[in-house]
Structure formats: structure tokens, C-alpha cells
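Asker: Protein sequences, first through last, are from chains F and V. In terms of my numbering, the first sequence has 100 at position 100, counting the first letter as 1, and numbering is strictly consecutive. Position in the second sequence counted from 1, then plus 1000, gives you my numbering. Heads up, the beta-carbon is just placed ideally off N, CA and C, and yes, glycines get one too. Okay, handing you the structure first.
Protein chains: 2
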Amino acid sequence: MYTPNAEPSLSEVFSLAKYRVGGNGSRNIGVLKAALEQVDDHIESDIYGTGGVIEQFQEKIAKFLGKENAVFFPSGTMAQQIALRIWCDELGVNKVAYHPLCHLEIHEQDGLKRLHHIEPILLSDKDHLITLSDVQNLQENIACLLIELPQREIGGQLSEYSELVEISRYCRDKGIKLHLDGARLFEVLPYYQKTAAEICELFDSVYVSFYKGIGGIAGAMLVGNETFTAESKIWKRRYGGDLISLYPYIISSEYYFNLRVGRMEEYYKAAKRLAEKFNRSCNIETRPRVPVSNMFHVMFSAPKEKVEKALIQVYKENGIGITGNLREYTDTTCYCEISIGDQYGMIPDEVLDTAFTLLDGKMK
Amino acid sequence: MYTPNAEPSLSEVFSLAKYRVGGNGSRNIGVLKAALEQVDDHIESDIYGTGGVIEQFQEKIAKFLGKENAVFFPSGTMAQQIALRIWCDELGVNKVAYHPLCHLEIHEQDGLKRLHHIEPILLSDKDHLITLSDVQNLQENIACLLIELPQREIGGQLSEYSELVEISRYCRDKGIKLHLDGARLFEVLPYYQKTAAEICELFDSVYVSFYKGIGGIAGAMLVGNETFTAESKIWKRRYGGDLISLYPYIISSEYYFNLRVGRMEEYYKAAKRLAEKFNRSCNIETRPRVPVSNMFHVMFSAPKEKVEKALIQVYKENGIGITGNLREYTDTTCYCEISIGDQYGMIPDEVLDTAFTLLDGKMK
């Protein structure tokens, strides 16, 4: 129904905002064009997983992550299901363990179960991180444990490095393969003060994404040893992910990787500063209270409708978009996710301060 | 090992050729750039299968094929496995039937079997088309019959339209779903003198490709009724094919679809003319003898090594690339595939005639 004088929705307002606190900007077609401008027209396409365009980038990422080999995939969904399947086949066990809010459990329409008949054991409760004792107390025999760094759905929380080391040692002792969901791996390196290779060394297989903090169009990489990656290419073909040409994703992934992988410290520091501003506001708290990456959740102690109105008014009075996607948490609380990228640095300090003064007033 | 004076291989020669008899030219990055140049930078990406960019193109193709709905997929491998799985689930039968040289049987690393435990019954022998009596004589209960038009691996042969009608009627009577592998559907319309919708009307589900005759980067569409396509979207998510952004493939698919779908008659006629030239040459014959689409196979009655040398010499003396990929058929015969596209029309008549005079001499 056409309602000419309807109030714009929060997502509409967000898409129109002059300034946005999170993200790397619009996902428009200019994002791809900018990446392609750097590349000669005559460079040949990759062909079914072979050719310079794909092989050089795979080698670069394998090296960056300190692993033998890497395979470019169109998506992390495909890459991770395949990783778990390979480990299950290798160990002859059709069980894996992961967090209750793991991407495979809540965002993939049960692909792992429906395509592979792999049974996931859910470790920890959904509000906490998986701990060493969760792993030690596992009753079932599993092929693989999947750890997500940071745990996105609870605000991007992180285990301490020392605990990861202990979990890794325990899994190696028990013959359990350890897989890293590193969709946001680059984003947590400044907190750990480790190289990507130092983190990946704890894991048998690693998936990284090129469109989260990196801000590419789409695309993922799966890394591990030669046997593992060779097997993953066969499964990529089975899935229909071994496209004749993946270069639109490869070229853009590499371009934005080069552009942003060195900016993660900057995003992380900005996230901590921004979280402080939220935490000083009335009825607002971030999760985690002090971010450990470029991301965090903002928890509002007010019903979704009220907060939505407040956020739209802040935008109208000040031109700033805080989020376009507010989610109900309970009847009387709601939350949104903030991921800091290039956009944050473009907001003048006084505009940001005014926005928080406005928000604070409206949340009282 | 670096061998400075090594003879260039057939595929190297082909890639350097000034003229090529088949194809739409190089698959270089300029192909994507040309498609993107037409599009405004500020157009927003599709997001997980939604948004104007994907929805408008899906509607256009659904209409062109005369079906209720269409879903864009990154690949035909993914699209077709999903189509067969949906029909198997709907009928509660885990068997399908297709040709022994079906793409699912020979190019997908057994994805259908390994991911879905669907058992294919191979109909007809590998040198012939599936006939009505092959279908009538089926002993097993199957959920779905897959027909490929044209049958690529045997030179792009085609059943007569009247036989398709009879197969379709038989399948409907028996409650067997009929799926069309229409990777090259647009290419066969001039032979049938039918619209795409008239062909698709015989089938319950149809897959078409945008990088065969159309010459896009990659991408496919699955069409059918609303229930079928809705279910296919869920499976697309399970496969990891529901990318946050598919627009690089969508925009290029639509661009090259618009450019070339109207040229199929021209390619078909050129294929017939070119096949005549091959058939007049010594020890060369095309399959089919008279092409029924833009494609055919060239069968050489000589060992692969001899023919390879002959083709390289023709290129050296005349600058023309006939094929970059010669395949052994028996110890004393070999073959290649020719698909006519935009390149054929660029060859001056006298260059082509000289090439065939040369080839004829070398094949004696």
C-alpha cells in the first residue's frame, strides 16, 4: 500500500545518512569498479580454480596465515561445511562441536545437517564463550571443534590467547581437529598483539572472509595443509563453487585486503572510543563493555519501537546513522551490532558529540 | 624446465591466434569491465538474493522462459543438483534418470551422489540421445528425468521437438518430473523455430546458463513454479550459494544476454557453413554432420599428435586458431568442440578458405 506521508523506516534513514558510525560505506557497484580500475583489461580470467589471478592470491593468503595452502571459495558457508566434512571423513566420526550461535547453526538453513548428516554438539550456553572446561567435559567423540574468533553473535567476544593455546593443546592430545571460523580474524589481531600466523598455528584449518572488516564484494579462503586443501577443491567442485571465473570476487578481495588489513588497529581503537560514548549514555550498554575488536553490540534498555524512534530523530536532527538494523532482545530491550570501518573516521567530532547528547536525552 | 626453443603448444597457439573460429573472444577482465561501464556506480548491490539488481533480472528471465519464477545461481552445478533434490524430496523417491554423459555424471565429482545420496539411472548409450522408448522401458521408479538440449558431449545433438512432446506427455502421465538442462537452450531455438517458453513449457524445471553461448562471466538461473523456486532458495543458502552480493555475475549475465540472445540464428547458420567446410576436408567429419545449434564436434581420423601438428601449422601459416583443446577419441582418432560466437564473423572469407586448403593438405 502506498502511504505518501509515511515516516521513513530506520533502515531507510540509515541508508540516507550523511554520516554512519559503522561500516565501510555503501555496498554499491562503485565498490567493484574501484577495485577493477587498478587491473589491466587484458589479464586473463581464472579458469575453474586455476590461473594466475587465483593462484597468486591463494599463495599470498596462505603465507599471511602461515599455512601450506589456501583455496578461494565464493562463500564461507561453503568453505566451512566442507572443512568440517573433510575432518569428519578423515576421522570416521560424524560429530563436530561448536557454539550455539555458530554461523552453521543459525544462518545456513541446516546445510551441514541436510547435506552431510553431520551432528553438531552445541558447546557452552549461547551467552558465553566456549571454555577449555566445556571442551574437556565433552562426552561425545567428535571429529572437529570449531572456534569462532571473535564470537560475533555475542558482540564479538574473545577468549584470551592463553586459553586458545590450552584448547589447542587439549584437542591435539585427544586427536580432535581444531577449525577456526576466522570470518573476522584480521579484526582481532590488534587485541591479541599477534600475527595472523601465530593465531592460525593453533588450528588445523582456518576460514577467513573478505567482505567483513575487509569490505570486499564477497569471497572466502580456506587454509590448511596440502592434503586438506586438495580435498577441499574436490568438494568445491561438488558444491558448484568451482566457477569458471571467480575473478570478480578475487580481484576485489585482494584490493580491499591490501587497502584495509593494515587499518584494523585504527578500527579497534575507534571501537573502544565509540563504546565509551555509548556506555556513558542513559540506558545503553555495550557488549562487550570494552571491545576487543572493531565490533561490539549496543544493548538498549528500552523497547525496540522507542529506540527506533530515538535513532530516527537523532538522524533527522544531526544527519548521523547509528544503525539500520535494530533487533528485539526481550520485550523491553533491544540491540544492534556496530562494526567500525572507514566510515567512522569521516564523522566530525562535534557531530558525533551532538548525536550522543541527543541520544542520551531521548533514552531517558 | 625452461626450454627456450620449445614448440608452442596447441593451446598457446590458439590463445595467440589473430582469428578464432569459435567463441566470443578472450575471457579477460575487460569482459566484466565492458558490462559494468553501462551501470551507474551508485546502484546498490543485491543482498542475499534480494534487491532490484537480482529481482528484475530474475523476473525478466522467468518471463522469457514462460515460467512463474526464476532464481539466479552462481553455477549450474549447484542449480541442477538442487532441482533434482527438490523433485526427489517431493516424490519421496531418491532416483533420477539422465544421459551417461550428463554434466552431473562426468563433471561434478559425484556431487549429486555424495551430497544427496541420489542414485542416477543412466539412459541410452553414451553415443546416442535419450529416446521415448528409453524412458518407457525404464524399470526403476524415478522422481525426475533430466534432458539436456543440446546433448553437448556428443556434439550438441538434439531430439526432434515432436519426440520431446511425447517424452513430456509420458512423464506427466507417469508422475515423473521433467527437468531441462538448458545450459545451451538459447542456442537451439533457431533450429526448433520455437520460443524459449514453448520449449520450457514441456518441462517442470529448467536451468539456463549465462556463460555458454551468451558469453557472460558465470551464472545460471533455475526456473519453475513458485513452490519449486522458493525451495531452491533454501537449498541455495544451504550450499553457500546465497552470496551477500552476486551482482558481478548478474550484471554481466544480463548485459551479454541482451547483447547475444538475438544472435543465435546467426551463430547457428555460421555453424552449418563451417561444418560444411570441415566435412569437405580430408579425414575430417563433424558430429552432427549438419549442426542443429551453434556447436558441433570435429572428428579427425588421425592420431592426436598428427592433428595437433597440423593445426599448429595452419595457425603459423595463416594466423587462424581452430581449437586450443584437442581430445583423444581412440588411438587413431581425435576430436574437438567448436561453439560459434562473435569471433567467427571477424574472419575474412579468404583467410578461412586458405586455412581449410592448408588443413586439407595436412590431413591427407
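#1: Verify the CB distance criterion: does E1044 of chain V have a CB-CB separation below 8 Å to chain F?
#2: Could you spell out the range, first to last residue, of the beta strand (DSSP E) harbouring D181 of chain F?
#3: Quick one: what's S1026 of chain V bridged to in DSSP?
#4: CA-CA distance, E160 of chain F and I167 of chain F?
#5: Let's see if you can read the secondary structure: which residues bound the beta strand (DSSP E) around I999 of chain V?
#6: Need the endpoints of the alpha helix (DSSP H) that N1258 of chain V sits in, please.
#7: Of all Cβ atoms in chain F, is any one closer than 8 Å to the Cβ of Q1109 of chain V?
#8: Do I1154 of chain V and D1125 of chain V come within 8 Å of each other at the CB atom, strictly closer than that value?
#9: K33 of chain F: which of F:S253, F:R85, F:L91 sits nearest, CA to CA?
#10: In chain order, what residues of the same chain lie with their CB nearer than 8 Å to the CB of V1314 of chain V, ignoring the 5 residues before and after it?
#11: Looking at the C-beta of P190 of chain F, does it have a partner C-beta in chain V at a distance below 8 Å?
#12: Kindly indicate the opening and closing residues of the alpha helix (DSSP H) around I1063 of chain V.
#13: Please determine whether the Cβ atom of F1072 of chain V lies at a distance below 7 Å from any heavy atom of the ligand GDP.
#14: Taking 6 Å as the limit between beta carbons, can you name the residues of its chain near L164 of chain F, skipping five residues before and five after?
#15: Counting only C-beta atoms, is N1094 of chain V closer than 8 Å to chain F at any point?
#16: Name, please, each residue of chain F whose Cβ falls closer than 9 Å to the Cβ of Q1081 of chain V.
#17: Per DSSP, T1286 of chain V is paired with what?
#18: Less than 8 Å between CB atoms is the rule here; does V1039 of chain V satisfy it with respect to chain F?
#19: Could you tell me whether the Cβ of V1223 of chain V comes closer than 8 Å to any Cβ of chain F?
#20: If you draw a straight line from the C-alpha of M1 of chain F to the C-alpha of V292 of chain F, how long is it?
#21: Quick one: Cα of L1246 of chain V to Cα of P1074 of chain V, how far?
#22: Quick check: the Cα distance between Y1170 of chain V and K1277 of chain V, rounded to an integer number of angstroms?
#23: Can you check which of these residues, F:C334, F:F186, F:D173, is closest to A310 of chain F by C-alpha distance?
#24: Between the segment 1015-1030 of chain V and the segment 1338-1352 of chain V, do three or more beta carbon pairs fall short of 8 Å?
#25: Using a Cβ-Cβ cut-off of 8 Å, state whether T1227 of chain V counts as contacting chain F.
#26: Could you name each continuous beta strand (DSSP E) segment of 3 residues or more that falls completely within the segment 1102-1187 of chain V, going from the start of the chain to the end?
#27: Just to confirm my understanding: we take E337 of chain F, look at its own chain, exclude 5 residues before and 5 after, and list those with CB closer than 6 Å. What are they?
#28: Tell me, which residues are paired with N69 of chain F by DSSP?
#29: With distance defined between alpha-carbon atoms, name the residue in F:P8, F:Y329, F:K18 nearest to R287 of chain F.
#30: Going along chain V, which residues have a C-beta under 7 Å from T77 of chain F?
#31: Mind checking S1011 of chain V: buried by the 16 CB within 10 Å criterion, or exposed?
#32: Apart from the five residues on each side of it in sequence, which residues of its chain come closer than 8 Å, Cβ to Cβ, to I949 of chain V?
#33: Pull up the DSSP beta-bridge partners for A1097 of chain V, would you.
#34: For G1386 of chain V, which three-state DSSP category applies?
#35: Is the Cβ of L259 of chain F closer than 8 Å to any Cβ of chain C?
#36: Can you give me the start and stop residues for the beta strand (DSSP E) that T1330 of chain V sits inside?
Answerer: If we stick to the structure as given:
#1: Answer yes: the Cβ-Cβ gap between E1044 of chain V and chain F drops below 8 Å somewhere.
#2: Looking at the DSSP string, the run of the beta strand (DSSP E) that includes D181 of chain F is 177-182.
#3: In DSSP, S1026 of chain V forms no bridge with anything.
#4: When rounded, the separation of the alpha-carbon atoms in E160 of chain F and I167 of chain F is 11 Å.
#5: What the structure shows of chain V is the stretch from 1001 to 1364, and residue 999 of chain V is not part of that stretch, so it cannot be assessed.
#6: 1247-1260 is the extent of the alpha helix (DSSP H) around N1258 of chain V.
#7: Chain F, which has a Cβ nearer than 8 Å to the Cβ of Q1109 of chain V, makes this yes.
#8: With contacts defined by Cβ atoms closer than 8 Å, D1125 of chain V and I1154 of chain V do not form a contacting pair.
#9: Per the Cα distances, F:S253.
#10: Its chain contains I1320, I1322, A1355, L1358, L1359, K1362 as the residues whose beta carbon lies nearer than 8 Å to that of V1314 of chain V, once the 5 sequence neighbours on both sides are disregarded; these appear in chain order.
#11: No, P190 of chain F lies away from the interface with chain V (no Cβ there is under 8 Å from its Cβ).
#12: Reading the sequence as shown, one finds Lys at residue 1063 of chain V and not Ile. From DSSP, the alpha helix (DSSP H) with K1063 of chain V extends over 1052-1065.
#13: Absence of the ligand GDP from the depicted structure is noted, as is the absence of any ligand whatsoever, leaving it without description.
#14: If the five residues before and after L164 of chain F are omitted, its C-beta is found closer than 6 Å to the C-beta atoms of L202, all from its own chain and listed in chain order.
#15: Output row for N1094 of chain V: interface = no.
#16: Those are R238, Y239, G240, listed as they occur along chain F.
#17: Note: T1286 of chain V is bridge-paired with V:V1298 in the DSSP secondary-structure output.
#18: With its beta carbon less than 8 Å from one in chain F, V1039 of chain V belongs to the interface.
#19: With a threshold of 8 Å between beta carbons, V1223 of chain V makes no contact with chain F.
#20: The predicted model places M1 of chain F with a pLDDT of 45, which falls under 50 and marks its position as unreliable; any figure quoted below should be read in that light. Pairing M1 of chain F with V292 of chain F, the inter-Cα distance amounts to about 44 Å.
#21: Approximately 7 Å, taken between the alpha carbons.
#22: Roughly 40 Å between the two C-alpha positions.
#23: Of the listed residues, the one whose Cα sits closest to A310 of chain F is F:C334.
#24: Segments in contact, yes.
#25: Taking a beta-carbon distance threshold of 8 Å, T1227 of chain V does not count as an interface residue toward chain F.
#26: Counting whole runs of 3 or more residues, the segment 1102-1187 of chain V contains the beta strand (DSSP E) stretches 1119-1122, 1144-1148, 1177-1182.
#27: Within the same chain, H297 come within 6 Å of E337 of chain F by CB-CB distance, once the 5 residues on both sides are set aside.
#28: N69 of chain F is bridged to F:G224.
#29: Considering only alpha carbons, the answer is F:Y329.
#30: Listed by position along chain V, the residues whose Cβ is nearer than 7 Å to that of T77 of chain F are G1240.
#31: Counting Cβ neighbours within 10 Å, S1011 of chain V comes out exposed, since fewer than 16 surround it.
#32: Given that chain V is displayed from residue 1001 to residue 1364, the structure contains no residue 949 of chain V and the question cannot be resolved.
#33: Bridge pairing for A1097 of chain V: V:I1121, V:L1145 [DSSP].
#34: In the structure as shown, chain V starts at 1001 and stops at 1364, and residue 1386 of chain V therefore has no counterpart that could be examined.
#35: Among the protein chains in the structure shown, which are F and V, there is no chain C.
#36: Per DSSP, T1330 of chain V belongs to the beta strand (DSSP E) from 1327-1330.
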